[in-house]
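Trainee: Have a look at this one.
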Amino acid sequence: MRDRLLLIDLSNPDALHELLRSAFGFAGFRVNQEEVCRAAIAGRDLLLVMPTGAGKSLCYQLPAIARGGTALVISPLISLMEDQAAKLTAVGLRVGRIHSGLERGAARQICAEYLRGDLQFLFIAPERLRVSGFPAMLAKQKLALVAIDEAHCISQWGHEFRPDYRMLGQYLPALRGSQDPAPVIALTATATPRVQADILAQLGMIDPLKFIHGFRRSNLAIEVVEVSIPARAGVICRLLADPARRPAIVYATSRKQSESLAAELSSRIPAAAYHAGLDAETRDRVQRAFQAGKLEAVVATIAFGMGIDKANIRTVIHAGLPATLEGYYQEIGRAGRDGALSRTYLMHSYADQRTHDFFLNRDYPPVENLKQVFVALGEQPQPVEELRAASDLAEEEFDKALEKLEIHGGARVDFGGIVTKGASGWQKTYTIQALHRTEQFEKVVAFADSSACRMSQLVRHFGDVKDASRPCGICDVCDPEGAVLRRFRYATPAEQNIVRAMVDELRPVNYIAAGTLQRKLDLVGRISRNEFEALLDAMARARLIEIEESSFEKNGEVLRFRKVMLSDAGFNLRPAPYCRSARSEPNPPRKNQPVRIRIRRSGHPLLKLLRRSFASGEPPKRNVSAFRRTWSCTTAHCKRLRGRGRQIPRSYS
Ligand SMILES: [Zn+2]
């Protein structure tokens with residue numbers, strides 16, 4: 000029998016802290032934990048998206064103890080399960096786990112303990128629910144809560160989709176009970192808004208709360224820099240020659256690149272390659288040597304870092320564009336776990352996009368290839384070799400097409416290599432997945448090209464909109480002077496004149512499309528589109544403007560454009576009476592060189608007037624004679640402020 004039943008009185012603010020102390024020995028909560036715990040104890044369904052290492056697990060463990068009874072924890076990996084169970088057992092909690100690595104007798108023993116109510120936590124793998132009788136056995140006990148770890152595995156948009164996870168939703172109602180249902184807590188370290196919505200829907204969560212926290216890493220300075228592929232090895236070697244920038248992880252895009260970079264680096268510092276093509280023993284040796292500090296740099300493909308618990312990594316370098324922002328975030332997140340300032344570098348060039356197109360075509364071949372194989376499948380099972388020989392496709396193409404058909408249900412291949420025709424609905428899910436992969440990479444490219452704060456963009460990508468508006472202050476966009484690889488120069492007088500002309504053009508309107516702006520200023524043919532875009536980026540870095548990616552539809556085609564809007568600081572820039580001269584004699588900036596613009600901080604008198612008026616609650620007066628264009632400026636500015644959610648009475652404009 001249970002010897003203690005801890006039920007928390009939520010009205011007593013000290014009770015939860017006391018439980019935290021007595022159960023786990025912690026003096027206090029980490030950021031955001033208390034709010035989540037209180038919601039879970041109160042019985043709310045919730046989705047918690049928090050990065051690894053931010054204290055996610057406590058958010059179901061403490062509520063489980065507080066609610067009393069057994070918490071059912073569903074976890075996809077035996078190693079994760081064992082790790083959590085060991086930690087809970089170490090603080091004196093009663094934990095059972097059932098997974099495929101366990102002998103039958105031991106599993107039966109745990110079931111008996113569960114039915115006696117002896118367990119506070121029961122860990123199971125999702126596939127266990129398919130064992131007949133098992134869900135019914137679980138439902139005999141009233142659960143404290145159901146926690147679903149690594150919940151992104153539920154979503155087909157997630158990068159680690161597990162079909163068994165998708166079945167969870169159908170078992171949950173019985174497990175939760177009908178009377179006062181046990182709350183469901185879904186936890187993950189990586190879920191974009193789309194994956195979040197999918198998790199909520201698939202689990203049938205009841206009036207769920209979403210907590211998306213902790214994605215901002217305030218000690219990571221992110222730098223994105225254009226470096227041609229052949230130049231990258233040299234840049235990386237020079238960068239890591241400074242001992243203060245080590246230990247470091249370099250992420251390579253292929254095994255070949257990983258080998259060659261490691262060879263080049265190891266002539267100067269202790270470095271090694273790490274990729275899936277190496278045998279397990281070598282990988283293990285590299286990992287241990289890095290952990291122990293014998294290696295100062297590892298050049299890895301994505302397979303590296305899962306088991307790494309090294310707090311003092313000072314630098315993470317991406318020697319090419321990653322495939323997804325989720326993966327990128329996890330990889331740069333391995334730097335600076337000790338809280339000290341660490342720098343991350345993402346190197347890219349147009350050639351990276353071609354490489355990715357190649358990978359994408361290889362991993363997601365044209366639908367026609369799949370159709371060809373599907374049509375060739377008869378009602379009678381056939382050996383793979385026969386089909387392959389009869390096909391017009393090359394051997395590799397055929398194998399890839401068959402593999403994809405199998406994943407999406409269009410074919411079944413048994414262990415003997417005999418193929419049977421599957422269902423015909425494969426094309427829909429295949430197309431969706433291929434498109435999704437393309438979209439994910441487009442987001443990476445947009446991230447690299449963008450001139451908005453890097454950390455804010457990542458925070459927004461994970462859906463933490465509340466936290467996304469705050470610039471980090473240390474990335475290459477927020478602090479161009481602090482950038483290590485990116486070099487900036489001051490704008491020439493001619494460029495400054497163009498900037499003033501742009502600001503004046505933007506002043507009376509809400510936004511102008513970048514292309515229109517260039518035409519309006521009569522700059523087409525005088526400076527190239529690239530040079531014009533470089534100026535826009537420089538203005539965004541100087542916070543004179545904000546740039547937003549946008550699109551519209553014309554004749555069924557989606558056309559993308561960049562919306563250019565004046566910021567408060569841009570509005571603040573003194574109007575230029577001499578901007579016309581900039582149009583006649585622009586001095587084109589040198590190619591491929593980022594431009595920095597120094598802002599003159601002289602306040603625009605109209606803006607001062609506006610601010611004073613808003614502060615006093617008075618609308619700005621209409622008879623401000625000193626400015627001719629004032630009123631239209633005021634109207635546009637009011638509109639802009641409203642657009643950003645500021646409360647401004649209608650009468651002001
Ligand atoms: Zn920033």
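Under numbering that gives the first Met the number 0, think of the first position of the sequence shown as 0, with each following residue one higher. Ideal placement from N, C-alpha and C gives every residue a C-beta, glycine not left out.
1) For the alpha helix (DSSP H) containing H98, list its first residue and its last residue.
2) Grouping DSSP H, G and I as helix and E and B as strand, with all else coil, what is T430?
3) Please state whether DSSP places T88 in a helix, a strand or coil.
4) I'd like to know if E330 contacts chain B, where contact means its C-beta is closer than 8 Å to some C-beta of that chain.
5) Would you say the beta carbon of C691 comes nearer than 7 Å to a heavy atom of ligand 1?
6) For R282, count neighbouring Cβ atoms within 10 angstroms of its own Cβ and tell me buried if that reaches 16, exposed if not.
7) Excluding five sequence neighbours on each side, which residues of the same chain lie with their C-beta closer than 8 Å to the C-beta of F414?
8) Is the number of C-beta pairs between the segment 405 to 423 and the segment 371 to 383 that are closer than 8 Å three or more?
9) By the three-class DSSP mapping on this structure, what secondary structure does P321 have?
10) If you scan the segment 323 to 394 from start to end, which runs of the alpha helix (DSSP H) of 4 or more residues do you find wholly inside it?
11) Using 8 Å as the threshold, is the C-beta distance between I331 and S450 below it?
12) Let me check understanding here. Comparing Cα to Cα, which of D308, T323, M346, F214 lies closest to L47?
13) Quick one: residues in its chain with C-beta nearer than 7 Å to the C-beta of P470, no 5 flanking neighbours on either side, listed in chain order?
14) Figure out for me which residue from Q108, I184, H347 has the closest Cα to the Cα of S74.
15) For I109, report the span of its beta strand (DSSP E) as first-last.
16) State the CB to CB distance for the pair E222 and T343, rounded to an integer number of angstroms; the pair is presumed to be in contact (CB under 8 Å).
17) Run the CB neighbour count on N622, radius 10 Å, all protein chains shown included, and call it buried at 16 or more, exposed below.
18) If I measure Cβ to Cβ from R161 and keep anything under 8 Å in the same chain, skipping five residues before and after, which residues do I get?
19) Helix, strand or coil for H16? Go by DSSP, reduced to three states.
20) Classify F373: buried if its beta carbon has 16 or more other beta carbons within 10 angstroms, exposed otherwise.
21) Is any heavy atom of ligand 1 found at a distance shorter than 7 Å from the C-beta of G472?
22) Below 8 Å CB to CB, which residues in the same chain sit around Y170 once its five sequence neighbours on both sides are set aside?
23) In the DSSP assignment, what are the bridge partners of F560?
24) Identify, in the order they occur along the chain, each residue of the same chain with its Cβ nearer than 6 Å to the Cβ of L572, setting aside the five sequence neighbours on each side.
25) Are the beta-carbon atoms of A334 and R313 separated by less than 8 Å?
26) With hydrogens ignored, establish whether the beta-carbon of R540 is closer than 7 Å to any heavy atom of ligand 1.
27) In chain order, what are the residue ranges of uninterrupted beta strand (DSSP E) at least 3 long that sit wholly in the segment 113 to 162?
28) So, with DSSP's three-state summary, where would you put F210?
29) Quick one: measure Cβ to Cβ for R96 and A84, integer angstroms, because I've assumed they're closer than 8 Å.
30) With a threshold of 7 Å (Cβ to nearest heavy atom), would M454 be considered close to ligand 1?
31) Compute the Euclidean distance between the alpha carbons of A220 and C474, then round it to the nearest angstrom.
32) For the pair the segment 431 to 441 and the segment 321 to 330, tell me if three or more CB-CB distances fall below 8 Å.
33) Quick one: what does DSSP say I598 is sitting in, helix, strand or coil?
34) Using a Cβ-Cβ cut-off of 6 Å (strictly less than) and excluding sequence neighbours within five positions of K562, which residues of its own chain qualify?
35) Based on Cα-Cα distance, which residue from I211, L543, V234, V298 lies nearest to R459?
Mentor: Let me spell this out:
1) Sequence index remark: in the sequence shown, residue 98 carries index 99 (1-based). Segment: none, H98 is in no alpha helix (DSSP H) and carries neither H nor E.
2) Taking the sequence shown and counting its residues from 1, the one referred to as residue 430 is at position 431. Looking at T430 - three-state DSSP - the assignment turns out to be helix.
3) As a working note, residue 88 is residue 89 in the sequence shown. If DSSP states are grouped into helix, strand and coil, T88 belongs with the helices.
4) Of the chains in the structure shown, none is chain B; there is only one protein chain.
5) Any property of residue 691 remains undetermined from this structure, which presents the chain solely from 0 to 652.
6) Here residue 282 is taken as the residue at index 283 of the sequence shown, counted from 1. Here R282 is buried, its C-beta having at least 16 other C-beta atoms within 10 Å.
7) For this step, residue 414 is matched to residue 415 along the sequence shown. So no residue of the chain qualifies.
8) Per the Cβ contact rule, the segment 405 to 423 is in contact with the segment 371 to 383 (3 or more Cβ pairs under 8 Å).
9) To locate residue 321, count along the sequence shown from 1; it is residue 322. Looking at P321 - three-state DSSP - the assignment turns out to be coil, as it is neither helix nor strand.
10) Listed in chain order, the complete alpha helix (DSSP H) runs (minimum 4 residues) inside the segment 323 to 394 are 324 to 331, 349 to 362, 366 to 375, 383 to 389.
11) For the purposes of this step, residue 331 is taken as residue 332 along the sequence shown, with counting starting at 1. For the purposes of this step, residue 450 is taken as residue 451 along the sequence shown, with counting starting at 1. In this structure, the beta-carbon distance from I331 to S450 does not fall below 8 Å.
12) Here residue 47 refers to the residue found at position 48 when the sequence shown is read from its first residue. Cα-wise, what sits closest to L47 is F214.
13) Residue 470 sits at position 471 when you count from the first residue of the sequence shown. Exclusion of the five residues before and after P470 leaves C452, S455, C477 as the residues of its chain whose Cβ lies within less than 7 Å of its Cβ.
14) If you number the sequence shown from 1, residue 74 lands on position 75. Checked all of Q108, I184, H347; the closest Cα to S74 is I184.
15) Counting from 1 along the sequence shown, the entry for residue 109 is found at position 110. Not the beta strand (DSSP E): I109 falls in the alpha helix (DSSP H), residues 103 to 114.
16) Numbered from 1 along the sequence shown, position 223 holds the residue referred to as residue 222. Numbered from 1 along the sequence shown, position 344 holds the residue referred to as residue 343. Their Cβ separation, rounded to whole angstroms, is 7 Å, which keeps E222 and T343 in contact under 8 Å.
17) Along the sequence shown, one-based indexing puts residue 622 at 623. Note that N622 has pLDDT 38, beneath the 50 cutoff, so the model's placement of it is unreliable and the number below is only indicative. The residue in question, N622, is exposed, as its Cβ has fewer than 16 Cβ neighbours within 10 Å.
18) Indexing the sequence shown from 1 puts residue 161 at position 162. If we look at R161 and ignore the five residues flanking it on each side, its Cβ neighbours are P75, P125, C152, I153.
19) For the purposes of this step, residue 16 is identified with residue 17 of the sequence shown, where counting begins at 1. If DSSP states are grouped into helix, strand and coil, H16 belongs with the helices.
20) Here the question's residue 373 lines up with position 374 in the sequence shown. Buried, by the Cβ-count rule.
21) If you number the sequence shown from 1, residue 472 lands on position 473. Because some heavy atom of ligand 1 lies under 7 Å away, the Cβ of G472 counts as near it: yes.
22) The count along the sequence shown starts at 1 and reaches residue 170 at position 171. Cβ within range, chain order: L128, P134.
23) Counted from its first residue, the sequence shown places residue 560 at position 561. For F560, which the question treats as bridged, DSSP gives the partners S549.
24) Here residue 572 corresponds to residue number 573 of the sequence shown, with the count starting at 1. Around L572: V502.
25) As a first step, residue 334 is located in the sequence shown; it is residue number 335 there, counting from the start. As a first step, residue 313 is located in the sequence shown; it is residue number 314 there, counting from the start. Yes, Cβ-Cβ distance for A334 and R313 is below 8 Å.
26) Position 541 of the sequence shown, counted from the first residue, corresponds to residue 540. Judged by the Cβ position, R540 fails to qualify as a neighbour of ligand 1 at the 7 Å threshold, every heavy atom of the ligand being at least this far.
27) Counting whole runs of 3 or more residues, the segment 113 to 162 contains the beta strand (DSSP E) stretches 120 to 123, 142 to 147.
28) Taking the first residue of the sequence shown as 1, we reach residue 210 at position 211. F210 falls in the strand class under three-state DSSP.
29) Translated into positions along the sequence shown, residue 96 becomes position 97. Translated into positions along the sequence shown, residue 84 becomes position 85. The Cβ separation is near 5 Å, so the contact holds.
30) The sequence position of residue 454 within the sequence shown is 455, counting from 1. With a cut-off of 7 Å, the C-beta of M454 is classified as near ligand 1, since at least one heavy atom of the ligand falls inside that distance.
31) Here residue 220 is taken as the residue at index 221 of the sequence shown, counted from 1. Here residue 474 is taken as the residue at index 475 of the sequence shown, counted from 1. Taking the straight line joining both Cα atoms gives about 5 Å.
32) Output reads yes: the segment 321 to 330 touches the segment 431 to 441.
33) Along the sequence shown, read from residue 1 onward, the residue named residue 598 stands at position 599. Residue placement at I598 is flagged as unreliable, the pLDDT there being 47, under the threshold of 50; the coordinate-derived value follows with that caveat. Correct three-state label for I598: coil.
34) If you number the sequence shown from 1, residue 562 lands on position 563. So the list reads Y510, E547, S549, once near-sequence residues are dropped.
35) In the sequence shown, the residue the question calls residue 459 occupies position 460. Comparing Cα positions, the closest option is I211.
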